[in-house]
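Colleague: Residue numbers (my numbering), protein chains in the order written: chain A, 38 to 254; chain B, 38 to 254.
No residue lacks a Cβ here, since even glycine has one placed at the ideal position from N, Cα and C.
I'd like to ask some things about the structure below.
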DNA sequence: GCCTCCATATTTCCAATGTAAATTTTTCTT
DNA sequence: AAGAAAAATTTACATTGGAAATATGGAGGC
């Protein structure tokens, strides 16, 4: 998937090996503790070997974040397909969003902290758009703000995204936590307001990405 | 305010001087680029001088984050006092939340990234609670989820906090942005749903902080 | 006023990190 | 087979956070 055209050099597929090792180090040690040298050592190459494949540490983290967005999108999509359009599908997608964030907290923080990666990287941007696109698709037709329609066509999308994202962030960082243990996993409907599904507005909104959205490159 | 009892040693008030220098460096260079050495150099002391006042870099960042929470709470409170309880007051507090985040993005990220500071620091926790308390107070009596009342007594608070916090995070990181420039500042009511104010439920909810909330120490 | 004590700050040193440059090794092309 | 190109290593360097030993200067007792 991320493999290069040429097959076997000294290492074989150092690029993907570094990404995988980086992802492992990331969740083991945390975002602030990952280092180029430890990732390289994990793969068994010298600490300057990654330079042939990535633009420094930031470049490697960018590639890792890109993989993160792909998995993020897949995790949302997982629950979506089992439900018809409407509230159930929205819940499924949001629970996927939360599930990914809580199971991959360091990767999630990496994805959404632009100072750690190269935010202008085309592949990263595309993967991010694709991930947002999943959420956007399930929000399509859901109207949260019937009573107050000002604020532009993306208002509901932004509101929904803000809600899920903020909940994920506050949970990851420990700002929101349950007192009692043995509790069930956090789910989106714990804080989700009552949405209405209005098929009559389902076709009225423009696509801000204009077909640029796709998972695979 | 944060000044110590003793007044003038070699430097005078190195502790607060370091915090102020740290806050300046933070917004100038960004969260990932601040260093103990550069902060110490800015004040004009050796790079190990901070060790007498803080537990390493993490300790200094913790003190900076604590100041950040105080300012955050003050910024929210600023708009609150001009409005009566209800939607207007809520909007004012949330706009304060957003304003602070957008004007102090690096400090905001520091506050809400536990891997950068010492999350168990008592002063930090207290300041964080105080900040949340402002938001909680304006949410008191607002009922967002009339139709669906499951999820515990903090459901509306968590929902509101998630919404504001997620919007702030996505704006700071550039995930949400306007296409056209010369645009007005982001405000919360752009994504805020229609709240209802119900004085009849205003006294029913327990205080999870039980009086621990206070701005000044 | 002098002297001791101790908080404060400095100097020195060290390991770890990211990056650059030059060099070596391996693979590909012709 | 030979030269070119790619991949990886070696060496070097500046910066960082932190530890340890040392110096400094004010506070309080006499």
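(1) What are the residues of the segment 147-174 of chain A that lie near chain B, defined by any Cβ-Cβ distance shorter than 9 Å?
(2) Please compile the residues from chain A whose C-beta is within a distance smaller than 9 Å of the C-beta of residue 213 of chain B.
(3) Can a CB atom of chain A be found closer than 9 Å to the CB of residue 106 of chain B?
(4) Short of 7 Å Cβ to Cβ, which residues in the segment 66-91 of chain A face chain B?
(5) So, residue 102 of chain A versus residue 113 of chain A, is the Cβ gap smaller than 9 Å?
(6) Please classify residue 83 of chain A as buried or exposed, where buried requires at least 16 neighbouring CB atoms within 10 angstroms.
(7) So residue 203 of chain B and residue 201 of chain A are in contact, right, with Cβ under 8 Å, and what is the actual spacing, rounded?
(8) Would the beta-carbon of residue 141 of chain A fall within 9 Å of that of residue 178 of chain A?
(9) I'd like to know whether the C-beta of residue 176 of chain B is nearer than 9 Å to at least one C-beta of chain A.
(10) How about residue 96 of chain B: is its C-beta nearer than 9 Å to some C-beta of chain A?
(11) Whole angstroms are fine: how far does the CA of residue 226 of chain B sit from the CA of residue 185 of chain A?
(12) Assign residue 153 of chain A to one of three DSSP states: helix, strand, or coil.
(13) Would you grab the beta carbon distance between residue 194 of chain A and residue 152 of chain B for me? Rounded to a whole angstrom, and I think it's under 8 Å.
(14) What residue from A:192, A:209, A:228 and A:207 has the CA that sits closest to residue 214 of chain B's CA?
(15) Identify the continuous alpha helix (DSSP H) that holds residue 206 of chain A and give its terminal residues.
(16) Just checking: is the beta-carbon of residue 179 of chain A within a distance shorter than 9 Å of some beta-carbon in chain B?
(17) For a cutoff of 9 Å on Cβ pairs, would you count residue 109 of chain A as touching chain B?
(18) Give me, in chain order, the residues of the same chain whose beta-carbon lies closer than 7 Å to that of residue 58 of chain A; leave out the 5 immediate sequence neighbours on both sides.
(19) From residue 85 of chain B to residue 109 of chain A, what distance separates their C-alpha atoms?
(20) Under a three-way DSSP split, which group does residue 185 of chain A fall into?
(21) If we define contact as Cβ-Cβ less than 9 Å, is residue 210 of chain A a contact residue for chain B?
(22) Below 9 Å between beta carbons: does that hold for residue 97 of chain A and residue 73 of chain A?
(23) Our contact map puts residue 143 of chain A next to residue 63 of chain A with C-beta atoms below 8 Å; I'd like the distance itself, whole angstroms only.
(24) Could you tell me if the beta carbon of residue 133 of chain A falls within a distance shorter than 8 Å of some heavy atom in the ligand NAD?
(25) Please report the residue range of the alpha helix (DSSP H) in which residue 88 of chain A lies.
(26) Give a yes or no on whether 9 Å exceeds the smallest Cβ distance from residue 59 of chain A to chain B.
(27) Can you give the Cα-Cα distance for residue 51 of chain B and residue 169 of chain A, rounded to whole angstroms?
(28) Determine the chain A residues that contact residue 222 of chain B at a beta-carbon separation under 7 Å, and present them in chain order.
(29) Starting from residue 68 of chain A, trace the alpha helix (DSSP H) in both directions and tell me its first and last residue.
(30) Taking 9 Å as the cut-off, decide whether the C-beta atoms of residue 196 of chain B and residue 138 of chain B are in contact.
(31) Taking the straight line between their C-alpha atoms, what separation do you get for residue 167 of chain A and residue 126 of chain B?
(32) Hey, how far is the Cα of residue 55 of chain B from the Cα of residue 132 of chain B?
(33) Identify whether residue 83 of chain A lies in helix, strand or coil by the three-state DSSP scheme.
(34) For residue 128 of chain A, is the classification buried or exposed, using 16 other Cβ atoms within 10 angstroms of its Cβ as the cut-off for buried?
(35) Between A:100, A:67, A:117 and A:92, which has its C-alpha nearest residue 174 of chain A's C-alpha?
(36) To the nearest angstrom, how far is it from the Cα of residue 107 of chain B to the Cα of residue 223 of chain B?
Modeller: So, to answer that:
(1) Here the close residues are 149, 150, 151, 152, 153, 156, 165 and 169.
(2) Residues of chain A passing the Cβ test: 191, 195, 198 and 199.
(3) No - not a single Cβ of chain A is within 9 Å of the one on residue 106 of chain B.
(4) If you check each beta-carbon in the segment 66-91 of chain A against every beta-carbon of chain B, the ones closer than 7 Å belong to 67, 68 and 69.
(5) Not closer than 9 Å, so no.
(6) Per the 10 Å Cβ criterion, exposed.
(7) Contact check for residue 203 of chain B and residue 201 of chain A: beta-carbon distance about 7 Å, within the 8 Å limit, so the pair qualifies.
(8) No.
(9) The beta carbon of residue 176 of chain B sits no closer than 9 Å to any beta carbon of chain A.
(10) By the rule that beta-carbons nearer than 9 Å mark a contact, residue 96 of chain B does not touch chain A.
(11) In this prediction, residue 185 of chain A scores a pLDDT of 45, lower than 50, which makes its location untrustworthy; the coordinate-derived value is nonetheless stated afterwards. Taking the straight line joining both Cα atoms gives about 10 Å.
(12) Reduced to three states, the DSSP call for residue 153 of chain A is coil.
(13) Their Cβ separation, rounded to whole angstroms, is 30 Å, which puts residue 194 of chain A and residue 152 of chain B out of contact at 8 Å.
(14) Out of A:192, A:209, A:228 and A:207, A:192 has the C-alpha closest to the C-alpha of residue 214 of chain B.
(15) Segment 192-209, the alpha helix (DSSP H) holding residue 206 of chain A.
(16) It does not: the Cβ of residue 179 of chain A has no partner Cβ on chain B nearer than 9 Å.
(17) Cβ-Cβ to chain B under 9 Å: no for residue 109 of chain A.
(18) Around residue 58 of chain A: 76, 79 and 80.
(19) Residue 85 of chain B and residue 109 of chain A have their C-alpha atoms roughly 43 Å apart.
(20) A caution first: residue 185 of chain A carries a pLDDT of 45, below 50, which makes its placement in the model unreliable, though a value can still be read off. Assignment of residue 185 of chain A by DSSP, reduced to helix, strand and coil, places it in the coil class.
(21) So, interface residue.
(22) If you check the CB distance, residue 97 of chain A and residue 73 of chain A come in under 9 Å.
(23) A Cβ-Cβ separation of about 5 Å places residue 143 of chain A in contact with residue 63 of chain A under the 8 Å criterion.
(24) Although the ligand NAD was asked about, the structure shown includes no ligands whatsoever.
(25) It is not in any alpha helix (DSSP H) - residue 88 of chain A carries neither H nor E in the DSSP assignment.
(26) No, residue 59 of chain A lies away from the interface with chain B (no Cβ there is under 9 Å from its Cβ).
(27) Here the alpha carbon of residue 51 of chain B sits roughly 46 Å from the alpha carbon of residue 169 of chain A.
(28) Taking a Cβ-Cβ cut-off of 7 Å, residue 222 of chain B has no neighbours in chain A, whose nearest Cβ is about 14 Å from it.
(29) It is not in any alpha helix (DSSP H) - residue 68 of chain A carries neither H nor E in the DSSP assignment.
(30) 9 Å or more divides the Cβ of residue 196 of chain B from the Cβ of residue 138 of chain B.
(31) Distance between the alpha carbons of residue 167 of chain A and residue 126 of chain B: 37 Å.
(32) Cα-Cα distance, rounded: 30 Å.
(33) Correct three-state label for residue 83 of chain A: coil.
(34) Buried is the label assigned to residue 128 of chain A, since at least 16 other Cβ atoms lie within 10 Å of its Cβ.
(35) That would be A:117, whose Cα lies nearest to the Cα of residue 174 of chain A.
(36) Taking C-alpha positions only, residue 107 of chain B is separated from residue 223 of chain B by approximately 22 Å.
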